Amino acid sequence: MSGWFHVDTEALDEASARLAAVAGDLAEIDVAGPFAPVANALGGSRTGMACLWVSSRLGAALQVYAEHAESMAHRASETAESYRSADASVAGRLGTMVPR
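To convert, count from 1 in the sequence shown and add 1280; that's this note's numbering.
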């Protein structure tokens, strides 16, 4: 086993951007809209109430997925920045050890 490893911070940045885009796309999905005509046409019926129940549950699930994707995007970005910061710190310290 070697004593080093490589982290592709650009790949982390790209993953972060893609996850943020997915989060945005998920947040924009209209779940209630397609159910509304059925719920409105059959208001007060079990089918109408079921449409409202299903659409609200799907909407909540999509919101959770969007929040998790956004959180993963943020974490990927933080991780990339942490590696860049650590690399800069080590490079700075090693630079001070070089005899002049």
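Cβ atoms here follow ideal geometry from the backbone N, Cα and C, with glycine treated the same way.
Given the structure is predicted, the values throughout are model-derived calculations rather than measurements.
| query | result |
| --- | --- |
| 4 or more residues per run - each alpha helix (DSSP H) lying fully within the stretch 1293 to 1373 | 1312 to 1321 |
| Straight-line gap, residue 1359 to residue 1289 (C-alpha atoms, nearest Å) | 8 angstroms |
| The stretch 1304 to 1319 contacting the stretch 1333 to 1351, beta-carbon criterion three pairs below 8 angstroms | yes |
| C-beta contact flag for residue 1319 and residue 1299 at 8 angstroms | no |
| Coil, strand or helix - residue 1375 by DSSP | helix |
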